[in-house]
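Engineer: Quick one: the structure is below, and I'll ask about it shortly.
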Amino acid sequence: MFEKVWEAHVVSEIKGGPSVLYIDKHLIHEVTSPQAFAGLEKRGIGLFRVKNTLATADHNVPTKHQDQPIKELLSRQQVDKLTENCKKFGVTLYGLGHPYQGIVHVIGPELGVTLPGMTIVCGDSHTSTHGAFGSIAFGIGTSEVEQVMATQCLMQSKPKTMKIEINGTLGKGVVSKDIILYIISKISAAGGTGYFVEFAGSAIKSLSMEARMTICNMSIEMGARGGMIAPDETTFAYIKGRQFAPKEAKFEEAVAYWKTLYTDADAKFDKTYNFDAADIEPMITYGTNPGMGIKVSAAIPSESDIEDSNKAGFHKALEYMDFKAGAKLIGKQVNYVFIGSCTNSRIEDLRLVAKFLKGKKKADNINAYLIPGSKQVEQQAIAEGIDKIFAEAGFELREPGCSACLGMNEDKIPKGEYCVSTSNRNFEGRQGPGARTLLASPLTAAAVAVSGKIVDVRDFNLN
Amino acid sequence: MDKFTTIQSKIVPLDMEDVDTDQIIPARFLKATTRTGFGENLFRDWRYNEDNSPKADFILNNPAYKEGKILVAAKNFGCGSSREHAAWAIHDYGFKVVISSFFADIFKNNALNNGLLPVQVSQQFLNTIFEKEKANKSNFQLKVDLVNQKVEIVGENLSESFEINDYKKTCMINGYDDIDYLLNMKDKIEAYEKTSKYLNIVG
Numbered sequence: 012m013f014e015k016v017w018e019a020h021v022v023s024e025i026k027g028g029p030s031v032l033y034i035d036k037h038l039i040h041e042v043t044s045p046q047a048f049a050g051l052e053k054r055g056i057g058l059f060r061v062k063n064t065l066a067t068a069d070h071n072v073p074t075k076h077q078d079q080p081i082k083e084l085l086s087r088q089q090v091d092k093l094t095e096n097c098k099k100f101g102v103t104l105y106g107l108g109h110p111y112q113g114i115v116h117v118i119g120p121e122l123g124v125t126l127p128g129m130t131i132v133c134g135d136s137h138t139s140t141h142g143a144f145g146s147i148a149f150g151i152g153t154s155e156v157e158q159v160m161a162t163q164c165l166m167q168s169k170p171k172t173m174k175i176e177i178n179g180t181l182g183k184g185v186v187s188k189d190i191i192l193y194i195i196s197k198i199s200a201a202g203g204t205g206y207f208v209e210f211a212g213s214a215i216k217s218l219s220m221e222a223r224m225t226i227c228n229m230s231i232e233m234g235a236r237g238g239m240i241a242p243d244e245t246t247f248a249y250i251k252g253r254q255f256a257p258k259e260a261k262f263e264e265a266v267a268y269w270k271t272l273y274t275d276a277d278a279k280f281d282k283t284y285n286f287d288a289a290d291i292e293p294m295i296t297y298g299t300n301p302g303m304g305i306k307v308s309a310a311i312p313s314e315s316d317i318e319d320s321n322k323a324g325f326h327k328a329l330e331y332m333d334f335k336a337g338a339k340l341i342g343k344q345v346n347y348v349f350i351g352s353c354t355n356s357r358i359e360d361l362r363l364v365a366k367f368l369k370g371k372k373k374a375d376n377i378n379a380y381l382i383p384g385s386k387q388v389e390q391q392a393i394a395e396g397i398d399k400i401f402a403e404a405g406f407e408l409r410e411p412g413c414s415a416c417l418g419m420n421e422d423k424i425p426k427g428e429y430c431v432s433t434s435n436r437n438f439e440g441r442q443g444p445g446a447r448t449l450l451a452s453p454l455t456a457a458a459v460a461v462s463g464k465i466v467d468v469r470d471f472n473l474n
Numbered sequence: 110m111d112k113f114t115t116i117q118s119k120i121v122p123l124d125m126e127d128v129d130t131d132q133i134i135p136a137r138f139l140k141a142t143t144r145t146g147f148g149e150n151l152f153r154d155w156r157y158n159e160d161n162s163p164k165a166d167f168i169l170n171n172p173a174y175k176e177g178k179i180l181v182a183a184k185n186f187g188c189g190s191s192r193e194h195a196a197w198a199i200h201d202y203g204f205k206v207v208i209s210s211f212f213a214d215i216f217k218n219n220a221l222n223n224g225l226l227p228v229q230v231s232q233q234f235l236n237t238i239f240e241k242e243k244a245n246k247s248n249f250q251l252k253v254d255l256v257n258q259k260v261e262i263v264g265e266n267l268s269e270s271f272e273i274n275d276y277k278k279t280c281m282i283n284g285y286d287d288i289d290y291l292l293n294m295k296d297k298i299e300a301y302e303k304t305s306k307y308l309n310i311v312g
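This is the structure in structure tokens:
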């Protein structure tokens, strides 16, 4: 599948160098675009294919009072700069206040912009999310953003390919976030570097589109260039009828093409892994990279489990997190829970959390952030009445944005505090200087919120 | 982009694995709309206390390493976010080369696009660099020769060759950037668009 989509987008090959790859859709946001727009201005050119470009504001935005000017000056200036640039260059912008505004990797799929067989890039590493549709989607730097703006093409060396197959049935309390945290814990935060990954197998096939997006979203967390899942009936049903998806005869024509994108039975991969879904349990991270994950019921590895070359990093991580080697996490008090981010802020995530929270209340010590991924997700939650379940449980459904995932806007976790987070990175200081992040699924995060401490969600009645 | 051919310099050893781009430049410093000035916040939270006083034990605050133009780090350097600000910060601080036993993919591209040369060496050679530097701090220097694709420990008979594709090598040596190249092939891009299956269906 990767080869088919890649080959269909090669404009030209450079001898002894990268390929010139055509980009079907370019998503932009306020943080990684201003220098690229400035570069175009300096060259005196515009966007080569402006209609293939879509912008939103997400990283810097507050998640309360979005109708008011952004308080923080530099954030406001960056968001204003995006508005100004989009106006000047004619780029469609779903900015603050627009009914389609949201996290760039949430709005692309929900608007039907993301389609199988495309190439999609964005100046954000979590662009891998869109691979859930069978597209080649990856994050790029700002010089590359400028390349795509100027020429709709990108110089890229072809990555190696990896297949990760997960077969079998998922156990109680296990969701797609646990699958990807499990995989990264097995192959490490660098295990996918240099590769494009295809996720396959019956456990992946059984997932909804939104669950698949969570998996592809975090393929960058094992270092992979991107992740892909072959499009199937689940994919086509998700796309059908969305705002910008092809309609009627065009849709049928598109589906016929998308069906040709499957991976041939004799396709060769540079590397293959196989996992059994039955081995996966609710997961949590204890350290400072996403590969440092364990089953929530298990203990942190002990000194002897760690290879010599990894010992320094292991010690540094435990010191930062104030955890002990060999200790269990269950029962550890946590004062912050963050449910949101491009990994887990879609309507299914909110429904899952609401179903769990119904009739329960968050613990008194918990400060909870509950952030929908987009304006459309927020409105859907309100239409379904699940905002009331959140309110009764002591949660406030805030406004869409990247929020406390990256410590760039007003939402930050204080120094030294633990936060069980549905986001994608537990790096030092990621959620704010000195903040300590434990990555987990939305279901586990909800269970922690009602308990005030780390718990195994399977100890609750989940029916 | 700066031209690069060869450099001989002291190094700044950062013997840490998985150095992510949030450490290189935390997100709260990504709010500028220009490419300059990021060097002062390079490794911000490892380099400064909360009150902005320098942390004495961090290597960039050690006067002995002030002259180093070559940053040497352990494996998986530059993982995490795609922020090009990480490459800008390292370059803006004054580094010309980063050496590691392997780099995260996006960081590597970002570095190459900014005249900052990422040099991938074997784990064994990396260990040798760290050991020799420890033993011979004040005199230790590396020479990185892009033309001959060779990194050498100066004064010792120790060197290793490194890989870079011919296209990127030419760009680095001449200070060319990819956009100049791509802008010259617009006719080819337009011809491609006419034949694209995807564009024909959903255009």
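As given, the protein sequences belong to chains A and B, one line each in that order.
When we follow this note's numbering, the leftmost residue of the first sequence carries the number 12, and every step to the right adds one.
When we follow this note's numbering, the leftmost residue of the second sequence carries the number 110, and every step to the right adds one.
For every residue, glycine included, the Cβ atom is placed at its ideal position computed from N, Cα and C.
All figures in this text were calculated on a predicted structure; none of them were measured in a lab.
1. Can you say whether Val461 (chain A) is buried or exposed, counting buried as having 16 or more other CB atoms within 10 angstroms of its CB?
2. Runs of 3 residues minimum, wholly inside the stretch 223-306 of chain B: which ones carry the beta strand (DSSP E) assignment?
3. I'd like to know whether the C-beta of Glu41 (chain A) is nearer than 7 Å to at least one C-beta of chain B.
4. For the beta strand (DSSP E) that contains Lys174 (chain A), what are its first and last residues?
5. Could you work out which residues of chain A lie near Tyr276 (chain B), taking near to mean beta carbons separated by less than 9 Å?
6. Could you give the distance in angstroms between the alpha-carbon of Asn218 (chain B) and the alpha-carbon of Lys205 (chain B)?
7. What does DSSP give as the partner residue(s) for Met239 (chain A) in the beta ladder?
8. Tell me whether Asn472 (chain A) is buried or exposed, calling it buried when 16 or more other Cβ atoms sit within 10 Å of its Cβ.
9. Give me the residue from A:Gly298, A:Thr153, A:Leu85, A:Gly234 with the minimum Cα distance to Cys188 (chain B).
10. Per DSSP, Tyr347 (chain A) is paired with what?
11. Of all the residues that make up the stretch 61-94 of chain A, which are near chain B by a beta-carbon distance shorter than 8 Å?
12. Would you decide whether Pro172 (chain B) is buried or exposed? Buried here means 16 or more other CB atoms lie within 10 Å of its CB.
13. Output needed for Gln158 (chain A): all residues of its chain with C-beta closer than 6 Å, excluding positions within five of it in sequence on either side, in chain order.
14. Give a yes or no on whether the C-beta atoms belonging to Ser434 (chain A) and Ser352 (chain A) are separated by under 7 Å.
15. In or out: Val256 (chain B) buried (at least 16 other Cβ within 10 Å) or exposed?
16. By DSSP's criteria, Glu24 (chain A) is part of a beta bridge. Which residues make up the other side?
17. Should Asp286 (chain B) go down as buried or exposed, given a rule of 16 or more other Cβ atoms within 10 Å for buried?
18. For the beta strand (DSSP E) that contains Ser209 (chain B), what are its first and last residues?
19. Would you mind telling me which residues of chain B sit closer than 9 Å to Gln158 (chain A), beta carbon to beta carbon, in chain order?
20. Check whether the stretch 42-59 of chain A touches the stretch 378-390 of chain A, counting contact only when three or more Cβ pairs, one atom from each stretch, lie closer than 8 Å.
21. At what residue ranges does the stretch 274-328 of chain A contain a whole run of the beta strand (DSSP E), taking only runs of 3 or more?
22. If we define contact as Cβ-Cβ less than 7 Å, is Ala213 (chain B) a contact residue for chain A?
23. Which residues in chain B sit within 7 Å of Leu38 (chain A), going by Cβ to Cβ distance?
24. Determine the chain A residues that contact Gly203 (chain B) at a beta-carbon separation under 9 Å, and present them in chain order.
25. Check the Cβ-Cβ distances between Ser268 (chain B) and every residue of chain A, and say whether any is below 7 Å.
26. Assign Ile39 (chain A) to one of three DSSP states: helix, strand, or coil.
27. Can you grab the Cα-Cα spacing for the pair Phe59 (chain A) / Ala68 (chain A), in whole Å?
28. Taking the alpha-carbon of Glu300 (chain A) as reference, which of A:Asn437, A:Lys339, A:Ala374 has the nearest alpha-carbon?
29. To the nearest angstrom, report how far apart Ile226 (chain A) and Phe13 (chain A) are at their CA atoms.
30. Under a CB-based cut-off of 7 Å, is Ser210 (chain B) close to chain A?
31. Only counting the same chain, and skipping five residues up and downstream in sequence, which positions put a Cβ closer than 8 Å to that of Phe167 (chain B)?
32. Verify whether the separation of the beta carbon atoms of Ser191 (chain B) and Ile215 (chain B) is less than 7 Å.
33. Looking at Glu126 (chain B) and Lys184 (chain B), is the spacing between their C-beta atoms short of 7 Å?
34. If contact means a Cβ-Cβ distance below 8 Å, which residues of the stretch 96-121 of chain A contact chain B?
35. So that I know if they touch, is there some Cβ in chain B lying closer than 7 Å to that of Val348 (chain A)?
36. For Leu139 (chain B), collect the residues of the same chain with a Cβ closer than 7 Å to its Cβ; drop the 5 residues on either side in sequence, then sort them by chain order.
Structural biologist: Quick look at the numbers:
1. By one-based count along the first sequence, residue 461 (chain A) stands at place 450. In summary, Val461 (chain A) is buried, with 16 or more beta-carbon neighbours lying within 10 Å of its beta-carbon over all protein chains present.
2. The qualifying runs are 226-229, 251-254, 259-262, 267-270.
3. Counting from one through the first sequence, the residue named residue 41 (chain A) turns up at place 30. Glu41 (chain A) does not count as touching chain B.
4. As a position in the first sequence, residue 174 (chain A) is number 163, starting the count at 1. Per DSSP, the continuous beta strand (DSSP E) segment holding Lys174 (chain A) begins and ends at 171-178.
5. If you number the second sequence from 1, residue 276 (chain B) lands on position 167. Ordered by position in chain A, the residues that pass the 9 Å Cβ test against Tyr276 (chain B) are Ile25, Lys26, Gly27, Gly28, Pro29, Met166.
6. By one-based count along the second sequence, residue 218 (chain B) stands at place 109. By one-based count along the second sequence, residue 205 (chain B) stands at place 96. Asn218 (chain B) and Lys205 (chain B) have their C-alpha atoms spaced approximately 15 Å apart.
7. One-based indexing of the first sequence puts residue 239 (chain A) at position 228. Bridge partners of Met239 (chain A): A:Glu209.
8. Working through the first sequence from its first residue, we reach residue 472 (chain A) at position 461. By the Cβ neighbour-count rule, Asn472 (chain A) is exposed, with fewer than 16 other Cβ atoms within 10 Å of its own.
9. Indexing the second sequence from 1 puts residue 188 (chain B) at position 79. If we check each option's Cα against that of Cys188 (chain B), A:Gly234 comes out closest.
10. One-based indexing of the first sequence puts residue 347 (chain A) at position 336. For Tyr347 (chain A), the pairing in a beta bridge is given by DSSP as A:Asn378, A:Cys430.
11. Across the stretch 61-94 of chain A, CB contacts with chain B closer than 8 Å involve His70, Asn71, Leu85, Ser86, Gln88, Gln89, Lys92, in sequence order along the chain.
12. As a working note, residue 172 (chain B) is residue 63 in the second sequence. The residue is exposed, with fewer than 16 neighbouring Cβ atoms inside 10 Å.
13. Here residue 158 (chain A) corresponds to residue number 147 of the first sequence, with the count starting at 1. Closer than 6 Å at the Cβ level, and outside the excluded window around Gln158 (chain A), lie Leu165.
14. For the purposes of this step, residue 434 (chain A) is identified with residue 423 of the first sequence, where counting begins at 1. For the purposes of this step, residue 352 (chain A) is identified with residue 341 of the first sequence, where counting begins at 1. The beta carbons of Ser434 (chain A) and Ser352 (chain A) sit closer together than 7 Å.
15. The count along the second sequence starts at 1 and reaches residue 256 (chain B) at position 147. Here Val256 (chain B) is exposed. Its C-beta has fewer than 16 other C-beta atoms within 10 Å.
16. For this step, residue 24 (chain A) is matched to residue 13 along the first sequence. The bridge partners DSSP lists for Glu24 (chain A) are A:Ser30.
17. Translated into the one-based positions of the second sequence, residue 286 (chain B) becomes position 177. With 16 or more other Cβ atoms inside 10 Å of its own Cβ, Asp286 (chain B) counts as buried.
18. Taking the second sequence and counting its residues from 1, the one referred to as residue 209 (chain B) is at position 100. In the DSSP assignment, Ser209 (chain B) falls within the beta strand (DSSP E) that extends over 206-209.
19. Stepping through the first sequence from its first residue, residue 158 (chain A) is reached at position 147. Chain-ordered, the chain B residues with CB closer than 9 Å to the CB of Gln158 (chain A) read Asn222, Asp286, Asp287, Ile288, Leu291.
20. By the Cβ test, the stretch 42-59 of chain A is not in contact with the stretch 378-390 of chain A, since fewer than three Cβ pairs between them sit closer than 8 Å.
21. Given a length threshold of 3 residues, each whole run of the beta strand (DSSP E) inside the stretch 274-328 of chain A is given here in chain order: 282-287, 294-296, 304-306.
22. Position 104 of the second sequence holds residue 213 (chain B). For Ala213 (chain B), the nearest CB of chain A lies under 7 Å from its own CB, placing it at the interface with that chain.
23. Taking the first sequence and counting its residues from 1, the one referred to as residue 38 (chain A) is at position 27. In chain order: nothing, as chain B lies at least about 12 Å away.
24. Looking up residue 203 (chain B) in the second sequence gives position 94. Going along chain A, no residue has its Cβ under 9 Å from Gly203 (chain B), so there is no contact; the nearest lies around 20 Å.
25. Looking up residue 268 (chain B) in the second sequence gives position 159. No, its Cβ sits nowhere closer than 7 Å to a Cβ of chain A.
26. Working through the first sequence from its first residue, we reach residue 39 (chain A) at position 28. Ile39 (chain A): strand per DSSP, three-state reduction.
27. Position 48 of the first sequence holds residue 59 (chain A). Position 57 of the first sequence holds residue 68 (chain A). Taking the straight line joining both Cα atoms gives about 22 Å.
28. In the first sequence, the residue the question calls residue 300 (chain A) occupies position 289. Sequence check: residue 300 (chain A) is Asn here, not Glu. Asn300 (chain A) has its Cα closest to that of A:Asn437, out of A:Asn437, A:Lys339, A:Ala374.
29. Indexing the first sequence from 1 puts residue 226 (chain A) at position 215. Indexing the first sequence from 1 puts residue 13 (chain A) at position 2. Roughly 17 Å between the two C-alpha positions.
30. As a working mapping, residue 210 (chain B) is identified with position 101 in the second sequence. Answer no: the Cβ-Cβ gap between Ser210 (chain B) and chain A never drops below 7 Å.
31. Indexing the second sequence from 1 puts residue 167 (chain B) at position 58. Excluding sequence neighbours, Phe167 (chain B) sits near Phe152, Trp155, Arg156.
32. Residue numbering aside, residue 191 (chain B) sits at position 82 when the second sequence is read from its first letter. Residue numbering aside, residue 215 (chain B) sits at position 106 when the second sequence is read from its first letter. Contact flag set, yes.
33. Locating residue 184 (chain B) in the second sequence gives position 75, where the first residue counts as 1. Locating residue 126 (chain B) in the second sequence gives position 17, where the first residue counts as 1. Yes; because the gap between Cβ atoms is below 7 Å, this pair is in contact.
34. Cβ contacts with chain B: none found.
35. Sequence index remark: in the first sequence, residue 348 (chain A) carries index 337 (1-based). Interface residue (Cβ-Cβ distance to chain B less than 7 Å): Val348 (chain A) is not classified as such.
36. Here residue 139 (chain B) refers to the residue found at position 30 when the second sequence is read from its first residue. So the list reads Arg192, His194, once near-sequence residues are dropped.
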